[in-house]
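Q:
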Amino acid sequence: MFGLAAFLVIAAGAVAFFFGHLTSFGIALTRVLPGMMASSQSFIVRNGGTGLWYNVVLPVMETPCWVPFLALGALFLIIGILRRV
Amino acid sequence: MLIKRKRGWELPESAATPEAVVLGRRKGLALGAGAIAALASDGAQAQSALPDLPAMRNPRYPGVRALTPERDATTFNNYYEFGTDKGISRVAQRMPLSPWTLKVEGMVAQPMEFDVDDLRRRLPLEERVYRLRCVEAWGMTVPWTGFPLSALLALVQPQPAAKYVVFETARLPAVMPGLRQSWYPWPYTEGCTIEEARNELSFMAVGLYGKHVPQQNGGPIRVLFPWKYGFKSGKSFSRIILTDQRPVSFWERIQGQEYGFWANVNPEVPHPRWSQATERLLGSNERVPTQLFNGYGEFVAGLYTALSQERLWT
Numbered sequence: 001m002f003g004l005a006a007f008l009v010i011a012a013g014a015v016a017f018f019f020g021h022l023t024s025f026g027i028a029l030t031r032v033l034p035g036m037m038a039s040s041q042s043f044i045v046r047n048g049g050t051g052l053w054y055n056v057v058l059p060v061m062e063t064p065c066w067v068p069f070l071a072l073g074a075l076f077l078i079i080g081i082l083r084r085v
Numbered sequence: 001m002l003i004k005r006k007r008g009w010e011l012p013e014s015a016a017t018p019e020a021v022v023l024g025r026r027k028g029l030a031l032g033a034g035a036i037a038a039l040a041s042d043g044a045q046a047q048s049a050l051p052d053l054p055a056m057r058n059p060r061y062p063g064v065r066a067l068t069p070e071r072d073a074t075t076f077n078n079y080y081e082f083g084t085d086k087g088i089s090r091v092a093q094r095m096p097l098s099p100w101t102l103k104v105e106g107m108v109a110q111p112m113e114f115d116v117d118d119l120r121r122r123l124p125l126e127e128r129v130y131r132l133r134c135v136e137a138w139g140m141t142v143p144w145t146g147f148p149l150s151a152l153l154a155l156v157q158p159q160p161a162a163k164y165v166v167f168e169t170a171r172l173p174a175v176m177p178g179l180r181q182s183w184y185p186w187p188y189t190e191g192c193t194i195e196e197a198r199n200e201l202s203f204m205a206v207g208l209y210g211k212h213v214p215q216q217n218g219g220p221i222r223v224l225f226p227w228k229y230g231f232k233s234g235k236s237f238s239r240i241i242l243t244d245q246r247p248v249s250f251w252e253r254i255q256g257q258e259y260g261f262w263a264n265v266n267p268e269v270p271h272p273r274w275s276q277a278t279e280r281l282l283g284s285n286e287r288v289p290t291q292l293f294n295g296y297g298e299f300v301a302g303l304y305t306a307l308s309q310e311r312l313w314t
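Residue numbers (the UniProt record's numbering), protein chains in the order written: chain A, 1 to 85; chain B, 1 to 314.
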């Protein structure tokens, strides 16, 4: 768990360095996989509704590209600590 | 030796329907429709079912295939400003279609701003049945009402140095939720060369199935290049710009290897992720072979004879 957390924190730094720390997660993903955002939106809207896309997924996509990695890293770190305790 | 090949639309004078028959039939239809509307108990409903943008069909552009049912053509749409799903027609209804201003500017002698309602009255309207071929390998055949793009360009008089025409879709964040997705390079822009714009097939549509073009199909005004993949035919314009610089269009910016500037239909050049050899017809779901230039080669092939070094099919 700590290994995964460390990997995600390093990935957050790498992503910020590669794409620029102000580039949004959505823009970074579009650069890597151009067709992915459209197909993801279609899938989520069809199966989870428009609200899920615009209220949940979109805000995450609009955060700086390194934030989701760092947030996940922090989450795994906390889970690791809690499991050890 | 002069070899004259007749095009599909070059009919002898004798094959033309007499004007009196056409006008008489239209008058009869109008009277009949009026009587039905008057008799109907729900007057409003009957009126909405009547065509509100009638125009003579131009026989030079027969669709060849059966018309796509209106319901299919107006409920299966690509319009990313409203969402990436095909079922955006309901969300799109929030966009007001009137008043609507279209600016034509850039390298023109007379930059102009048109109210689209005025434009409809100003230019003679005609109906053309065009086949549309989407890059996603589906197609439809629908009757569009409008006027040649060249007629619009004639009003603004392009400067001799103008080489390209850029079409810019309106940006209305209050009614277009898709604009919140900052990873797309809004506004949606598309472009063509001035020669393509002046081709007789290039058409500005203000009507569909005899009615105003609905929001989801690109109302109130859009362009049609029926020999190119559908994404080249931009929707709901607020601005048209003439320029000497080749534009980088919306999809070209996102994924230039798959969606280029020319995007002419060619069944022999597959999309990187799927074949373009056949297409599924909306409505019947029949799969038919795709034709070079979507079957409009006799009108447009000459535009590209000196451009073999370009990626004409992407």
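Backbone N, C-alpha and C define an ideal beta-carbon position, used for all residues, glycine too.
Going by the DSSP bridge assignment, what does serine 24 of chain A pair with across the sheet?
A: A/Pro64
Q: Distance cutoff 8 Å, beta carbons only. Does glutamine 276 of chain B sit that close to anything in chain E?
A: In summary, chain E is missing from the structure at hand, where the protein chains are A and B.
Q: So, under 8 Å CB-CB, aspartate 244 of chain B and alanine 161 of chain B are touching, yes? Tell me the CB distance rounded to an integer number of Å.
A: Correct: roughly 5 Å between the Cβ atoms.
Q: Quick one: is proline 177 of chain B near chain A, going by C-beta distance under 8 Å?
A: Closer than 8 Å to some Cβ of chain A, the Cβ of proline 177 of chain B qualifies, so yes.
Q: Am I right that isoleucine 240 of chain B and valine 165 of chain B are in contact with their C-beta atoms under 8 Å? What's the rounded C-beta distance?
A: At roughly 6 Å, the Cβ-Cβ gap stays under 8 Å, so isoleucine 240 of chain B and valine 165 of chain B are in contact.
Q: What residues in the stretch 162-195 of chain B bring their beta carbon closer than 7 Å to a beta carbon of chain A?
A: Pro177, Arg180, Gln181, Ser182, Trp183
Q: Give me the residue from B/Tyr61, B/Met95, B/Glu252, B/Gly297 with the minimum Cα distance to tyrosine 184 of chain B.
A: B/Glu252
Q: My output table needs one value for valine 64 of chain B: the three-state DSSP class, helix, strand or coil.
A: Under the three-state reduction of DSSP, valine 64 of chain B is assigned to coil, being neither helix nor strand.
Q: Run through chain A and tell me which residues come within less than 8 Å of aspartate 85 of chain B, C-beta to C-beta.
A: Those within 8 Å of aspartate 85 of chain B in chain A are Gln41, Ser42, Val45, Arg46.
Q: Does any C-beta atom of chain A lie closer than 8 Å to the C-beta of glutamine 93 of chain B?
A: no
Q: Secondary structure at valine 165 of chain B, three-state DSSP: helix, strand or coil?
A: strand
Q: Within this structure, are the beta carbons of residue 344 of chain B and glycine 283 of chain B separated by less than 8 Å?
A: Any question about residue 344 of chain B goes unanswered here, given that chain B covers just 1 to 314.
Q: Please list, in chain order, the chain B residues whose beta carbon lies closer than 7 Å to that of glycine 26 of chain A.
A: Gln181, Ser182, Trp183
Q: Does the Cβ of valine 91 of chain B have 16 or more other Cβ atoms within 10 Å, making it buried, or fewer, making it exposed?
A: buried
Q: In whole angstroms, what is the alpha-carbon distance linking glycine 20 of chain A and serine 39 of chain A?
A: 25 Å
Q: Please report whether the beta-carbon of methionine 36 of chain A lies at a distance below 8 Å from any beta-carbon of chain B.
A: no
Q: Say whether chain B places a C-beta atom closer than 8 Å to the C-beta of leucine 4 of chain A.
A: no
Q: Comparing the C-beta of isoleucine 241 of chain B with each C-beta of chain A, is any distance below 8 Å?
A: no
Q: Give, in chain order, every residue of the stretch 248-266 of chain B whose Cβ lies closer than 7 Å to some Cβ of chain A.
A: Ile254, Gln255
Q: Distance, Cα to Cα, glycine 106 of chain B vs serine 236 of chain B?
A: 19 Å
Q: Below 8 Å between beta carbons: does that hold for valine 213 of chain B and valine 116 of chain B?
A: no
Q: Taking C-beta to C-beta, are tryptophan 144 of chain B and leucine 208 of chain B nearer than 8 Å?
A: yes
Q: Counting Cβ pairs, one atom from each stretch, are 3 or more of them under 8 Å apart for the stretch 43-51 of chain A and the stretch 71-87 of chain B?
A: With a cut-off of 8 Å, the stretch 71-87 of chain B and the stretch 43-51 of chain A count as touching, because enough Cβ pairs lie within range.
Q: Rounded to whole angstroms, what's the CA-CA distance from serine 98 of chain B to methionine 61 of chain A? Just pull it up for me.
A: Using only the alpha carbons, I get a separation of about 34 Å.
Q: For tryptophan 186 of chain B, which residues of its own chain have a beta-carbon under 7 Å away from its beta-carbon, when the five flanking residues on both sides are left out?
A: Arg171, Leu179
Q: Taking 8 Å as the threshold (beta carbon to beta carbon), is leucine 22 of chain A in contact with chain B?
A: no
Q: Would you list the one or two residues that DSSP bridges to cysteine 192 of chain B?
A: B/Val165
Q: From threonine 189 of chain B to tyrosine 54 of chain A, what does the alpha carbon distance come to, in whole angstroms?
A: 24 Å
Q: Going by beta carbon distance, what residues of the same chain come within less than 6 Å of glycine 230 of chain B, once the five residues before and after it are set aside?
A: Leu132, Cys134
Q: For the alpha helix (DSSP H) containing serine 275 of chain B, list its first residue and its last residue.
A: Here serine 275 of chain B belongs to no alpha helix (DSSP H), and DSSP marks it neither H nor E.
Q: Which same chain residues end up closer than 6 Å to tryptophan 66 of chain A when comparing Cβ atoms and leaving out the 5 residues on each side of it in sequence?
A: Ala12, Val15, Ala16
Q: So glycine 264 of chain B and lysine 211 of chain B are in contact, right, with Cβ under 8 Å, and what is the actual spacing, rounded?
A: The residue you asked about is not glycine; residue 264 of chain B is asparagine in the sequence shown. In this structure asparagine 264 of chain B does not touch lysine 211 of chain B by the C-beta definition: roughly 30 Å separates them, more than the 8 Å allowed.
Q: At what residue ranges does the UniProt domain "Oxidoreductase molybdopterin-binding" (98-251) of chain B contain a whole run of the beta strand (DSSP E), taking only runs of 3 or more?
A: Taking only runs of at least 3 residues, the beta strand (DSSP E) segments lying wholly in the UniProt domain "Oxidoreductase molybdopterin-binding" (98-251) of chain B are 101-106, 112-115, 126-133, 138-148, 164-169, 189-193, 203-208, 222-224, 237-243.
Q: Are any of the Cβ atoms in chain B nearer than 8 Å to that of threonine 30 of chain A?
A: yes
Q: Which of helix, strand or coil does DSSP assign to asparagine 264 of chain B?
A: Three-state result, asparagine 264 of chain B: strand.
Q: Starting from valine 9 of chain A, trace the alpha helix (DSSP H) both ways and give me its first and last residue.
A: 2-19
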